[in-house]
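Residue numbers (the numbering used here), protein chains in the order written: chain A, 1 to 249; chain B, 250 to 498; chain C, 499 to 747; chain D, 748 to 996.
Here a beta-carbon is modelled for each residue, glycine too, at the ideal position from N, C-alpha and C.
Given the structure is predicted, the values throughout are model-derived calculations rather than measurements.
Worksheet: the structure to be examined is printed underneath.
There are 4 protein chains.
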Amino acid sequence: MSEITLTSDITVRLVQSVGGDHMVAAAAKVSTSGEEALLLASPEKAEEGRGLIRSLMRQRHGTPFEHASLTFFVQAPAFVWWEWVRHRIGQTVDCDELSFSLESGRYRELKPVFWIPRETRAMSIPEQHKPMRPKYEQADEWQREVVLESFKHAYEKSWLDYRRMIISRIAPEVARAVLGFGVYYSGWVTCNPRSLMAFLSLRTHEPTAKYVSYPQAEIEESARACEEVFKLGWPITHAAFNEFGRVAP
Amino acid sequence: MSEITLTSDITVRLVQSVGGDHMVAAAAKVSTSGEEALLLASPEKAEEGRGLIRSLMRQRHGTPFEHASLTFFVQAPAFVWWEWVRHRIGQTVDCDELSFSLESGRYRELKPVFWIPRETRAMSIPEQHKPMRPKYEQADEWQREVVLESFKHAYEKSWLDYRRMIISRIAPEVARAVLGFGVYYSGWVTCNPRSLMAFLSLRTHEPTAKYVSYPQAEIEESARACEEVFKLGWPITHAAFNEFGRVAP
Amino acid sequence: MSEITLTSDITVRLVQSVGGDHMVAAAAKVSTSGEEALLLASPEKAEEGRGLIRSLMRQRHGTPFEHASLTFFVQAPAFVWWEWVRHRIGQTVDCDELSFSLESGRYRELKPVFWIPRETRAMSIPEQHKPMRPKYEQADEWQREVVLESFKHAYEKSWLDYRRMIISRIAPEVARAVLGFGVYYSGWVTCNPRSLMAFLSLRTHEPTAKYVSYPQAEIEESARACEEVFKLGWPITHAAFNEFGRVAP
Amino acid sequence: MSEITLTSDITVRLVQSVGGDHMVAAAAKVSTSGEEALLLASPEKAEEGRGLIRSLMRQRHGTPFEHASLTFFVQAPAFVWWEWVRHRIGQTVDCDELSFSLESGRYRELKPVFWIPRETRAMSIPEQHKPMRPKYEQADEWQREVVLESFKHAYEKSWLDYRRMIISRIAPEVARAVLGFGVYYSGWVTCNPRSLMAFLSLRTHEPTAKYVSYPQAEIEESARACEEVFKLGWPITHAAFNEFGRVAP
């Protein structure tokens, strides 16, 4: 009977982008070739730039990776957005280079779409647990039931309380305080390849990285979806990013 | 019998700061006096710098206002932090110049402290309502009752659901999704006078400002508390900020 | 007999761009329409967004102007680059949002192209002179001759000294210290409309602006060239920028 | 008879600072201890925080390193400032977190202080030379003589040309174009430990670093002077920076 929707999906779609591997190489060539670098700013020259791109990554020459732009549409629970715009225990990307436009909980009524963990989401705390490097185990059936019931119950109750206030003409900016962090927001995120790599470096877990990170699973899921898009448009840059330890140049 | 605490208070306290009006003037003098500017970097010279500080503000010469630092301890509901780190419909301060270290909802169990609106909080939507320039009216008694009941009910239920998951050894990073945006977080914020003025410019409502802003009441409350601290330490700068329209230089 | 080239020209050309007025409006609509905002992200919808874009500018809602990118090729004397990347007496744009890739004076021999002021360049200091709001007068014939001779002489001598060191196998990064600030560099600059407007706000002189700026003529020339490109691609945004006082939103 | 001064010295002096190792640890504790973290914000607790600071550095949790500020007075040739504010072939620090107030060449006559390389400065290009990873050799006596003569000659001539224009009432902003990049500027730089480490990471050459950088000797000299100051005030943070590969957290 409930009007609320429960989902575990996080959506990431490319809205627009400009640039590519060829533009990275061309921007770097400016330093030694000045105006002639423009001749290289063409997609079919990308492969010629592979060696240069690898050098830039290895030596962390970052600015050539900034002459480009990617805009994503993202649909995710509020706590994922929260991690996007801040950190985990102080682990921040340079958020100035990530531009956000988000759905507003102040100006409009939110929609009753709420996040629940997937069945396979590791979320049980093991005996040996290091908070700053968390490794969770699969929940057992009983735990999963507790989670599912608690989520449904809490979301449904708070949604009714929210609605009651809205129909009593209470400002949405006040009423939203009762809604859980699991409510979905949609928004746009714009970044350049360099700021995206800084984000990926901190928001994905890769045991072979020079600095291993332990992000929350849902934020990693959104980061991985961005990485797939990035890999398609900048295959050489992405390969070099992996080769040299996944630290943003 | 509930274990939760309801409050409307937002706490802002200065942790540390360095700089002052004299440092603004001294930094500006560097451009015309080079090394000798250091002689002016002394608190008792502040008054001498008043004319210069007013010029800098009027002509928006901003960097002399960056040689300083303020660190605040802030205790506020999550939705206030949310507005701090993002925007209202895309109204953003340059968040790169605001540094945050926040309490974690991933690594620890949160405390059951939740926000409720003050009795005097204007929150009733009037007939004539412009979403992007909201002006709310005082809630009547019946509305206030709806709000108080809805808040208490929603917070209590979701807190029980949260606790049930925590004692079932579910990761706090998952369980927190059911808690409302009204839950309190504490954290540190560090900024310089220039980035603070950018924040004040957008997060306070001042009809005489050159660009009038319409922030949410609770975010304005936290901004005003920061402004009081700033005014004490930088009285000349603060007066010039007001005099020239409350746009960050 | 000299091998050096003297010129007054500053070159600005668009390398690539993405976005437009329609994307500004669509990004803003995200706050009230979430996913549906994507339907507006199409050039022919730009005109429909005019009212919204004007509101955003008037109320300084800046982030919707960040979902876009412009890359310029710029050829200019070193002192113009210097002003791009820093300020005039501390007047800085948020340089983090301007990305630069410049020709290197460390890794390659520079070319003997040097800047001289145009004949019409106001550069004579009048009796009444306010350093922070300079207004220069036309140079008389005698002054122009002094300037032309001094420039030619200084550039030629220092170029010979530079070349003498280069052929003696001295590192270019050392030898370049003798070259004048008038030597030309070429490079790429990438920005978004919001950071570009911040740059234009401070680097152009417009008596009707809410905050009047007094940039050096050559930096204004380069800024105006960028503004022309911007105006073509974002005509509605540009008009609103002018209408509301030329402060970046 | 010349009025010009030749020097190789680069001056770096601390103007003011706030924070320390204890504040790094306290800021990090906010995430798990909220308000109680304030109790740790005291210098004598610094040693207790060593383990935590090492963890933050190893896992690149950067924001706790931002609640602090250092302001330096720097006197250096223009080309060193140039590298501070930009990059070497696109290698940039996040310059937004470095605040600059510089002496102006627009508003005042510059002073005739010019840089010459120290006698021991490796500056001779060897047979085997990789431009992007330059290793210079000691100059022989003949080369040193060429350098000294060329520098003296170029500086003296161009200074006379500059002076001739100044006394003819030509705007300093125009006349300065003839002066060499070796002319000294003084200014203030403000940063926080995190942005300073980003700067040190790219502007010092350390064979044991995870990403080895090849900065120009003079920019490294100024960076090393800053590092000495930093090491005194943040000994534990500095040791951890070295231990974990000199990448900014």
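If you compare alpha carbons, which of the options is closest to residue i?
{"i": "I914 of chain D", "options": "C:S666, C:R667, C:V676 and C:S648", "result": "C:S648"}
{"i": "I485 of chain B", "options": "B:S266, B:M272, B:I253 and B:T256", "result": "B:M272"}
{"i": "L347 of chain B", "options": "B:M381, B:R382 and B:E315", "result": "B:E315"}
{"i": "G517 of chain C", "options": "A:A68, A:M57 and A:E206", "result": "A:A68"}
{"i": "D140 of chain A", "options": "A:L70, A:I125 and A:N192", "result": "A:I125"}
{"i": "V832 of chain D", "options": "D:V860, D:M804 and D:V936", "result": "D:V936"}
{"i": "W364 of chain B", "options": "B:G494, B:S257 and B:L481", "result": "B:S257"}
{"i": "W981 of chain D", "options": "D:P811, D:S848 and D:P864", "result": "D:P811"}
{"i": "T618 of chain C", "options": "C:E601, C:V611, C:G603 and C:Q636", "result": "C:Q636"}
{"i": "C440 of chain B", "options": "B:I253, B:W408 and B:S266", "result": "B:S266"}
{"i": "Q557 of chain C", "options": "B:F479, B:S471, B:E469 and B:H454", "result": "B:H454"}
{"i": "G300 of chain B", "options": "B:A325, B:F322 and B:D270", "result": "B:D270"}
{"i": "W330 of chain B", "options": "B:Y460, B:E467 and B:F493", "result": "B:E467"}
{"i": "M621 of chain C", "options": "C:E607, C:F739, C:S553 and C:E643", "result": "C:E643"}
{"i": "G743 of chain C", "options": "C:S711, C:R722 and C:F598", "result": "C:S711"}
{"i": "W889 of chain D", "options": "C:K655, C:I668 and C:F577", "result": "C:I668"}
{"i": "M132 of chain A", "options": "B:G354, B:R303, B:Y460 and B:L397", "result": "B:G354"}
Along chain A, in chain order, which residues have C-beta atoms closer than 9 Å to that of residue i?
{"i": "Y750 of chain C", "result": "Absent from the model: residue 750 of chain C. The displayed extent of chain C is 499 to 747, so no value can be given."}
When DSSP labels each residue in this structure, what does residue i get in the three-state scheme?
{"i": "V976 of chain D", "result": "helix"}
{"i": "V611 of chain C", "result": "strand"}
{"i": "L179 of chain A", "result": "coil"}
{"i": "Y404 of chain B", "result": "helix"}
{"i": "G149 of chain A", "result": "At residue 149 of chain A the sequence reads Glu, which differs from the Gly that was named. Note: E149 of chain A maps to helix in three-state DSSP."}
{"i": "W234 of chain A", "result": "coil"}
{"i": "L445 of chain B", "result": "helix"}
{"i": "R88 of chain A", "result": "Interpretation of R88 of chain A is limited by its pLDDT of 34, a score under 50 that renders its predicted location unreliable; no figure is taken from the coordinates."}
{"i": "S717 of chain D", "result": "Summary: the structure shown does not reach residue 717 of chain D, with chain D confined to residues 748 through 996, and so no result is reported for it."}
{"i": "S720 of chain C", "result": "helix"}
{"i": "L347 of chain B", "result": "coil"}
{"i": "E386 of chain B", "result": "strand"}
{"i": "S450 of chain B", "result": "helix"}
{"i": "I664 of chain C", "result": "helix"}
Residues of chain A with CB under 7 Å from residue i, in chain order?
{"i": "S802 of chain D", "result": "M132"}
{"i": "T503 of chain C", "result": "Near T503 of chain C there are no residues of chain A at all, since even the closest Cβ is about 14 Å away, more than 7 Å."}
{"i": "P366 of chain B", "result": "V174"}
Taking Cβ to Cβ, would you say residue i is nearer than 9 Å to residue j?
{"i": "G62 of chain A", "j": "A248 of chain A", "result": "yes"}
{"i": "K360 of chain B", "j": "Y433 of chain B", "result": "yes"}
{"i": "C796 of chain D", "j": "S435 of chain B", "result": "Per the sequence shown, residue 796 of chain D should be read as Gly rather than Cys. Not closer than 9 Å, so no."}
{"i": "A403 of chain B", "j": "V178 of chain A", "result": "yes"}
{"i": "R973 of chain D", "j": "L949 of chain D", "result": "The sequence shown places Cys at residue 973 of chain D, not Arg. Taking 9 Å as the Cβ cut-off, C973 of chain D and L949 of chain D do not qualify as a contacting pair."}
{"i": "V264 of chain B", "j": "L786 of chain D", "result": "no"}
{"i": "K231 of chain A", "j": "L6 of chain A", "result": "no"}
{"i": "F430 of chain B", "j": "P292 of chain B", "result": "no"}
{"i": "T530 of chain C", "j": "R224 of chain A", "result": "no"}
Starting from the beta carbon of residue i, find every residue of chain D whose beta carbon is closer than 8 Å, and list them in chain order.
{"i": "K135 of chain A", "result": "Near K135 of chain A there are no residues of chain D at all, since even the closest Cβ is about 14 Å away, more than 8 Å."}
{"i": "F206 of chain B", "result": "Since the displayed chain B opens at 250 and closes at 498, residue 206 of chain B lies outside it and no answer follows."}
{"i": "L202 of chain A", "result": "R807"}
{"i": "A447 of chain B", "result": "What A447 of chain B touches in chain D: nothing, since even the nearest Cβ is about 13 Å away."}
Give me the chain B residues within the contact set of residue i, using Cβ-Cβ distance strictly less than 7 Å, ordered along the chain.
{"i": "P811 of chain D", "result": "S350"}
Under 8 Å Cβ-Cβ, which residues of chain B neighbour residue i?
{"i": "F988 of chain D", "result": "Simply none; closest approach about 18 Å."}
{"i": "I125 of chain A", "result": "R418, I419 and A420"}
{"i": "K157 of chain A", "result": "H402, A403, K406 and S407"}
So which residues on chain D does residue i lean against when the C-beta distance must stay under 9 Å?
{"i": "Y211 of chain A", "result": "R805, Q806, R807, K957, F991, G992, V994 and P996"}
{"i": "P575 of chain C", "result": "A924"}
Check the Cβ of residue i against every Cβ in chain B and list those closer than 9 Å, keeping chain order.
{"i": "L926 of chain D", "result": "Within 9 Å Cβ-Cβ: nothing; L926 of chain D doesn't reach chain B, min ~15 Å."}
{"i": "Q138 of chain A", "result": "In chain order: nothing, as chain B lies at least about 12 Å away."}
Output, in chain order, the set of chain C residues within a Cβ distance shorter than 7 Å of residue i.
{"i": "D908 of chain D", "result": "S648, H651 and A652"}
Give the residues of chain D in contact with residue i, contact being defined as C-beta atoms less than 7 Å apart.
{"i": "W437 of chain B", "result": "A774, V777 and H814"}
Can you pull the chain A neighbours of residue i, defined as C-beta to C-beta under 8 Å?
{"i": "V267 of chain B", "result": "Within chain A, no residue comes near V267 of chain B; the closest Cβ sits about 21 Å away, beyond 8 Å."}
Going along the chain, which unbroken runs of the alpha helix (DSSP H) with 4 or more residues stay wholly within the region 2-79 of chain A? Correct list: 21-33 and 50-58.
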